[in-house]
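Everything on this sheet refers to the single structure shown next.
Number of protein chains: 2
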Amino acid sequence: MASLPNGAASASAASSAAGGGPAVVDKEVDFANYFCTYSYLYHQKEMLCDRVRMDAYHSAVFRNAHHFRGKVVLDVGTGSGILAIWSAQAGARKVYAVEATNMAEHARELARANDVADIVEVIQGSMEDVVLPEKVDVIISEWMGYFLLRESMFDSVICARDRWLKPDGVMYPSHARMWLAPIRSDLAENKMEDLEIAMHDWNLFVEDTESYYGVNMNVLTKAYRAEHEKYYLKSAIWNNLHPNQVIGQAAVIKEIDCLTATVDEIREVRAQVTMPIKLDMTRLAALAGWFDVHFRGSKQNPATQEVELSTAPDVNGGTHWGQQVFLLTPPLKVNEGDNVKVSFTMVRSKENHRLMDMEFTYELHESSGKQLPAITTKIYLE
Amino acid sequence: MASLPNGAASASAASSAAGGGPAVVDKEVDFANYFCTYSYLYHQKEMLCDRVRMDAYHSAVFRNAHHFRGKVVLDVGTGSGILAIWSAQAGARKVYAVEATNMAEHARELARANDVADIVEVIQGSMEDVVLPEKVDVIISEWMGYFLLRESMFDSVICARDRWLKPDGVMYPSHARMWLAPIRSDLAENKMEDLEIAMHDWNLFVEDTESYYGVNMNVLTKAYRAEHEKYYLKSAIWNNLHPNQVIGQAAVIKEIDCLTATVDEIREVRAQVTMPIKLDMTRLAALAGWFDVHFRGSKQNPATQEVELSTAPDVNGGTHWGQQVFLLTPPLKVNEGDNVKVSFTMVRSKENHRLMDMEFTYELHESSGKQLPAITTKIYLE
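As you go down the protein sequences, you meet chains A and B in turn.
full-length UniProt numbering applies: residue 1 is where the first sequence begins, and numbers increase by one.
full-length UniProt numbering applies: residue 1 is where the second sequence begins, and numbers increase by one.
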């Protein structure tokens with residue numbers, strides 16, 4: 001048979017094949033699918049090399065050291081331990097650093113090597129299971145996935161907050177937003193071409209298999225196309241966009257107050273936005289999604305200096321999150337003054353609660369008053 | 001955080017992180033890690049396009065149609081159903097085609113479209129759980145993974161044989177062999193260079209992280225190197241070798257009679273072989289592993305025409321299995337007349353029984369009589 005190297009394909013088909021329901025998360029499967037990635041230093045380094053990410057958290061901690069000095073801090077998903085160590089360096093009395101993977105051992109070594117082993121206590125386990133000896137003043141965590149909510153890690157932060165944050169405690173970050181914007185891009189055409197090449201290749205394969213081996217595979221053509229349409233056209237595409245690819249006004253589709261948000265509030269995201277096109281004679285090829293988070297402290301306990309971490313398209317280069325591109329195929333011709341009205345829904349995948357199924361219904365309202373029929377498309381963030 | 005697209009990293013660290021033991025296989029995890037790959041038509045097509053594989057099975061069935069005519073056949077892991085359909089076309093009275101993934105539905109469609117739906121009965125489930133209404137005359141299966149035993153799928157074939165094959169039944173294929181050979185290759189140097197580049201990059205990262213962010217990561221340098229040595233130097237490398245890269249005599253390290261083999265016989269493979277070098281002034285950069293299988297029927301019930309499926313290096317191009325390259329770093333200078341003595345052990349990975357941990361101890365006996373000290377290296381087939 002010879003399968004691909006272990007895990008090289010998306011595992012999203014797994015539980016459905018096994019007939020599992022969506023309700024309960026099998027912890028061992030979750031490890032195989034998700035946490036394992038974070039047990040590699042290679043991947044930790046990738047995140048530690050993201051300057052935008054690092055600068056934002058570093059500034060947030062050290063410019064607001066009054067939030068940390070003499071305080072008790074909880075770092076949810078500490079990874080290599082960097083945020084826990086910074087918290088200690090900023091003056092924390094105690095830092096609990098929780099990590100599910102074996103990376104915990106490296107975090108411990110790193111704390112020791114940086115002379116904060118007496119302050120940083122690394123605890124290996126699921127945040128949901130860990131018991132702390134005391135409540136905490138600050139919860140710090142870098143929990144954001146692609147398009148903010150992929151990975152569903154904020155669930156663990158909410159759980160930590162509800163169980164361990166003092167009533168006047170602060171969240172780092174304190175706020176998060178999801179953005180959507182109309183963009184131009186060659187990706188739509190490229191991917192449609194890739195699909196046609198794949199189908200041409202399939203058709204030759206069907207002919208060959210019939211003539212050489214006497215089996216007609218044509219009955220699977222429709223399923224093959226569906227599989228490849230999903231792969232090429234209906235999967236969110238990671239991209240670092242140039243700001244000039246954004247052809248209209250970006251819109252906020254979700255705002256999260258990290259101090260009060262509940263899992264129910266983030267399990268589904270629904271929004272209706274209208275985005276004015278600001279460029280003439282161009283093509284709307286896709287919508288792009290990104291997020292930003294802010295470090296503002298809390299109302300009772302505000303930040304001295306607010307810090308923003310934005311993953312929007314930026315001329316100075318991007319972050320490891322990039323932006324997610326959701327293709328609209330075929331692209332629509334648009335002009336300045338047109339409006340794109342989008343209804344957006346995002347729910348967790350039934351097969352894997354850390355992946356997202358999205359639906360976009362988009363309508364073009366031309367400046368002439370003409371309105372094109374609404375089109376609905378599904379996109380998978382896997 | 002932003003993990004890689006789902007499952008993009010090896011999942012082998014998963015169960016160890018979760019603290020699981022090696023004994024019991026969690027079926028849901030096994031689906032997430034393994035079976036899911038086979039639920040994509042893309043992957044099925046890759047196997048169906050392997051002409052060497054297809055020609056061998058096609059010839060084996062149709063040149064030995066007397067094994068199939070009027071008989072009951074079991075296809076273990078039917079995938080798209082091709083072997084089951086051929087068995088029916090060769091005259092089988094009944095074919096049970098067992099498939100664990102949702103690919104079963106496509107196999108059913110394909111049988112219908114090729115007018116053998118009355119003969120081919122597709123059963124979705126694990127071979128271990130399936131109950132057939134009768135014993136079978138033939139078990140056909142394409143169960144071979146990289147270096148024959150990766151994926152451990154032959155376990156399911158053994159289970160099927162012990163439960164469902166009639167005493168005078170035949171196995172397709174009937175025999176299998178694993179081969180090892182000394183090779184020359186630039187891969188060793190390339191991978192060592194990749195490792196040094198990765199470490200140089202890491203060292204810059206350590207400097208930057210200290211100067212920009214006040215954290216000394218140097219304590220993790222050793223672990224980073226170990227992780228990358230495993231990735232670059234100690235992981236089996238898929239390659240389609242040219243026969244002229246084989247610089248000595250290949251040796252059989254394992255022979256399997258599919259009619260009698262037990263799981264105990266394949267759970268571990270141990271061999272000691274001596275391979276004469278046949279090329280002067282060259283470098284032994286690696287050992288290569290591959291396999292072949294034969295279709296000979298059984299003693300009572302021999303094939304009319306024996307067929308071989310070999311995955312050895314071939315000038316006419318290779319198979320989707322390629323060969324597996326196991327680097328010996330650093331390479332050794334060798335000459336015609338030298339002998340390479342290799343002690344080989346392969347066991348299943350504790351974390352995932354479908355992956356393999358290998359150990360090679362190799363000694364060069366020069367034709368001059370000089371003997372170099374033995375070197376031991378571990379290689380992971382993931």
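Cβ atoms here follow ideal geometry from the backbone N, Cα and C, with glycine treated the same way.
Practice problem: Quick one: measure Cβ to Cβ for I237 of chain A and V325 of chain A, integer angstroms, because I've assumed they're closer than 8 angstroms. | Solution: 4 angstroms
Quiz item: When DSSP labels each residue in this structure, what does residue 388 of chain B get in the three-state scheme?
Solution: Look at the range of chain B in this structure, 1 to 382, and you will see that residue 388 of chain B is not part of it.
Exercise. Measure the Cβ-Cβ separation of M346 of chain B and V293 of chain B and say whether it is below 9 angstroms.
Key: no
Quiz prompt | beta-carbon T377 of chain A near the ligand GTP non-hydrogen atom, thresh 8 angstroms | solution = In the structure on display, the ligand GTP does not appear, and there are no ligands present to speak of.
Self-check item: Minimum Cβ-Cβ distance from G21 of chain A to chain B less than 9 angstroms
Solution: With a pLDDT of only 36 at G21 of chain A, under the threshold of 50, the placement of this residue in the model should not be trusted; the figure read from the coordinates follows. No, G21 of chain A lies away from the interface with chain B (no Cβ there is under 9 angstroms from its Cβ).
Quiz item: Of the residues A:E189, A:L220, A:E193, A:K191, which one's Cα is nearest the Cα of W202 of chain A?
Solution: A:L220
Exercise. Tell whether a beta-carbon distance below 9 angstroms holds between V120 of chain A and A111 of chain A.
Key: yes
Quiz item: Per DSSP, what kind of secondary structure is E351 of chain A in: helix, strand or coil?
Solution: coil
Exercise. Name, going along the chain, the residues of the stretch 117-135 of chain A whose beta-carbon falls closer than 8 angstroms to a beta-carbon of chain B.
Key: none
Practice problem: Determine contact between the stretch 168-181 of chain B and the stretch 212-228 of chain B, defined as no fewer than three beta-carbon pairs at a distance below 8 angstroms. | Solution: no
Quiz item: Is there at least one Cβ from chain A nearer than 9 angstroms to N240 of chain B's Cβ?
Solution: no
Quiz prompt | Inter-residue spacing [alpha-carbon to alpha-carbon] between A2 of chain A and A56 of chain A | solution = 45 angstroms
Quiz item: Under 9 angstroms between C-beta atoms, does F326 of chain B make it to chain A?
Solution: no
Exercise. At 8 angstroms on the CB atoms, spell out the chain A contacts of F205 of chain B, in chain order.
Key: K45, L48, C49
Quiz item: Nearest to T87 of chain B by alpha carbon, out of B:K71, B:T101, B:G77, B:L187?
Solution: According to the sequence shown, residue 87 of chain B is Ser rather than Thr. With distances taken between Cα atoms, S87 of chain B lies closest to B:K71.
Quiz item: Using the C-alpha atoms, what's the distance from M275 of chain B back to G21 of chain A?
Solution: Residue confidence for G21 of chain A is low, a pLDDT of 36 falling below 50, so the modelled location carries little weight; the figure read from the coordinates is stated next. The straight-line gap from Cα to Cα measures roughly 54 angstroms.
Quiz item: K135 of chain A: buried (16+ other C-beta within 10 angstroms of its C-beta) or exposed?
Solution: exposed
Quiz item: Where does L195 of chain A fall in DSSP's three states?
Solution: helix
Quiz prompt | Assigned secondary structure, V206 of chain A (DSSP; H/G/I helix, E/B strand, else coil) | solution = helix
Quiz item: So, helix, strand or coil for A11 of chain A, using DSSP?
Solution: Caution applies to A11 of chain A, whose pLDDT of 34 falls short of 50 and renders its modelled position unreliable; the value that the coordinates give is listed next. In the structure shown, A11 of chain A sits in coil (DSSP, three-state: anything other than H, G, I, E or B).
Quiz item: Taking any Cβ of chain B, which residues in the stretch 302-314 of chain A have a Cβ under 9 angstroms from it, in chain order?
Solution: none
Self-check item: Proximal residues to K278 of chain B (C-beta, below 7 angstroms), its chain only, five neighbours per side dropped
Solution: I247, G248, Q249, E336
Quiz prompt | Residues near R93 of chain A in its chain [Cβ-Cβ closer than 8 angstroms; skip 5 each side] | solution = G70, K71, V72, I119
Quiz item: Given that L41 of chain A touches chain B, what residues does it touch there, using C-beta distances under 7 angstroms?
Solution: L220, A223, Y224, E227
Quiz item: What is the rounded straight-line gap between the Cα of T376 of chain A and the Cα of E359 of chain A?
Solution: 7 angstroms
Self-check item: Element boundaries [alpha helix (DSSP H), containing R163 of chain A]
Solution: 154-164
Quiz prompt | First through last residue of the alpha helix (DSSP H) which encompasses H106 of chain A | solution = 103-113
Self-check item: Integer-rounded CB distance, given that T361 of chain A should sit under 8 angstroms from L233 of chain A
Solution: No, L233 of chain A and T361 of chain A are not in contact; Cβ-Cβ is about 16 angstroms, not under 8 angstroms.
Exercise. Tell whether a beta-carbon distance below 9 angstroms holds between M153 of chain B and R354 of chain B.
Key: yes
Quiz item: So, is G289 of chain B buried or exposed, given that buried needs 16 or more other C-beta atoms within 10 angstroms?
Solution: buried
Quiz item: According to a CB-to-CB cut-off of less than 8 angstroms, which residues of the stretch 94-112 of chain B neighbour chain A?
Solution: A100, T101, N102, H106, E109, L110, R112
Quiz item: Do D137 of chain B and D168 of chain B have their C-beta atoms closer together than 9 angstroms?
Solution: yes
Exercise. Could you pull the start and end residues of the alpha helix (DSSP H) that T221 of chain A belongs to?
Key: 221-232
Practice problem: Could you check what DSSP says for Y96 of chain A in three-state terms: helix, strand or coil? | Solution: strand
Quiz item: Roughly how many angstroms lie between the CA atoms of T260 of chain B and P313 of chain B, to the nearest whole one?
Solution: 29 angstroms
Exercise. Return no unless some Cβ of chain B is closer than 9 angstroms to the Cβ of T78 of chain A.
Key: no
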